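K.L.:
Got a structure here, written out as structure tokens. Questions coming.
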Ligand SMILES: Nc1ncnc2c1ncn2[C@@H]1O[C@H](COP(=O)(O)OP(=O)(O)O)[C@@H](O)[C@H]1O
Ligand SMILES: [Mg+2]
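In our numbering, the protein residues as written are 311 to 567.
In structure tokens form, the structure reads like this:
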């Protein structure tokens with residue numbers, strides 16, 4: 311399945327937030343979106359997922375979803391958004407409550423999602439009994455339970471410490487590559503974008519416009535290797551130079567309000 315997002319313009323009342331931002335993501339591809347705070351990244355993701363309707367523009371889903379797909383597009387949020395009074399398994403089952411499924415199918419999907427995220431033995435735990443990283447895995451399992459075609463991730467790791475982030479990033483990658491899902495990954499962390507993405511869409515400060523699309527040609531297995539580090543560092547420099555001015559003027563604007 312391919313998701314195509316074409317935003318000609320999006321505004322909240324008088325405030326124009328996005329202008330001429332188009333992107334497409336195909337099965338097995340990860341597109342990262344980076345840009346300064348407030349440039350419209352979350353808005354773009356909301357439009358991609360159909361939560362927001364663009365003031366001008368459109369969103370298309372092309373191709374057929376897998377037979378067991380209940381929801382082609384699914385979000386993973388930064389704050390996990392778990393229900394604290396529900397067990398891990400019942401949090402993961404939550405999105406299924408909007409679908410007519412028999413109990414056996416429901417149980418099968420939950421068990422499968424828990425297994426794929428390494429949570430099988432935590433099914434009965436409550437969120438507060440888990441570390442931040444494990445909680446985020448519950449967020450991922452809950453997204454997977456509908457067997458989505460495209461994952462929409464809004465800074466999914468930014469509430470976590472560096473070490474947990476590193477581990478979960480590897481988990482994400484394995485999962486995305488294994489399942490050949492598509493993903494749009496919003497982050498302000500260059501290292502995450504460089505590690506995960508096939509393509510990085512760099513947005514300007516608000517109103518967010520595409521400043522550049524950076525392709526990362528390095529195949530995934532090579533990115534971990536020493537040889538790739540110089541090339542990745544160079545790409546990182548380039549990304550930084552693209553948003554440095556934007557970020558610092560955005561910073562000044564916020565400071566002067
Ligand atoms: N529902 C809303 N109503 C009005 N303004 C909004 C709303 N959501 C976001 N904004 C504003 O739109 C701009 C872009 O927000 P957002 O998409 O969250 O940016 P980012 O995720 O890149 O930080 C910000 O200036 C924000 O304050
Ligand atoms: Mg945001």
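Ideal Cβ placement from N, Cα and C applies to all residues, glycine included.
This one's a predicted model, so the numbers in the text were calculated from it and none came from an experiment.
If we count Cβ pairs, one from each stretch, closer than 8 Å, do we get three or more for the stretch 545-552 versus the stretch 513-528?
P.N.:
Verdict: yes, contact present.
K.L.:
Would you check whether ligand 1 has a heavy atom nearer than 6 Å to the C-beta of residue 347?
P.N.:
Yes, Cβ of residue 347 sits closer than 6 Å to a heavy atom of ligand 1.
K.L.:
Quick one: is residue 405 buried, meaning 16 or more other Cβ sit within 10 Å of its Cβ, or exposed?
P.N.:
Its Cβ being crowded by 16 or more others within 10 Å, residue 405 is buried.
K.L.:
Can you determine whether any heavy atom of ligand 1 sits closer than 6 Å to the C-beta of residue 351, and answer yes or no?
P.N.:
Yes; taking the cut-off as 6 Å, the Cβ of residue 351 has a heavy atom of ligand 1 nearer than that.
K.L.:
If the criterion is Cβ atoms closer than 7 Å, does the pair residue 471 and residue 496 meet it?
P.N.:
The answer is no: Cβ separation not under 7 Å.
K.L.:
Could you tell me whether the Cβ atoms of residue 381 and residue 458 are closer together than 7 Å?
P.N.:
Yes, Cβ-Cβ distance for residue 381 and residue 458 is below 7 Å.
K.L.:
Take the Cβ of residue 558 as the centre, count every other Cβ of all protein chains shown within 10 Å, and call the residue buried at 16 or more, exposed below.
P.N.:
That one is exposed.
K.L.:
How far does the beta strand (DSSP E) with residue 461 in it reach, from first residue to last?
P.N.:
Element bounds for residue 461: 460-464.
K.L.:
Please state the DSSP three-state secondary structure of residue 339.
P.N.:
Three-state DSSP puts residue 339 in coil, outside helix and strand.
K.L.:
I need the DSSP call for residue 402, collapsed to helix, strand or coil.
P.N.:
In this structure, residue 402 counts as helix in the three-state DSSP scheme.
K.L.:
Quick test of your reading: residue 514 and residue 349, contact by CB under 8 Å. State the CB separation rounded to the nearest angstrom.
P.N.:
Between residue 349 and residue 514 the Cβ distance is about 7 Å, and since that is below 8 Å, they are a contact.
K.L.:
Excluding the 5 residues flanking residue 436 on each side, which residues of the same chain have their C-beta closer than 8 Å to its C-beta?
P.N.:
Counting only Cβ-Cβ distances below 8 Å, and skipping sequence neighbours, we find 394, 395, 396, 397, 398.
K.L.:
Count the other CB atoms within 10 Å of the CB of residue 322; is the residue buried (16 or more) or exposed (fewer)?
P.N.:
Residue 322 should be labelled exposed.
K.L.:
Between which residues of its own chain and residue 330 is the CB-CB distance below 8 Å, once the five residues before and five after are set aside?
P.N.:
For residue 330, where only same-chain residues beyond five positions count, the Cβ hits under 8 Å are 317, 318, 319, 519, 520.
K.L.:
Would you check if there are 3 or more beta carbon pairs closer than 8 Å linking the stretch 351-371 to the stretch 418-431?
P.N.:
Contact fails: fewer than three Cβ-Cβ distances are below 8 Å.
K.L.:
Taking the DSSP output, what are the residues bridged to residue 496?
P.N.:
Answer is 343, 464.
K.L.:
Using the three-state DSSP reduction, which class does residue 566 fall into: helix, strand or coil?
P.N.:
With a pLDDT of only 47 at residue 566, under the threshold of 50, the placement of this residue in the model should not be trusted; the figure read from the coordinates follows. Residue 566 falls in the helix class under three-state DSSP.
K.L.:
With a floor of 4 residues, list each alpha helix (DSSP H) that falls wholly inside the stretch 397-444, ordered by position along the chain.
P.N.:
The stretch 397-444 contains these whole alpha helix (DSSP H) runs: 398-403, 413-426.
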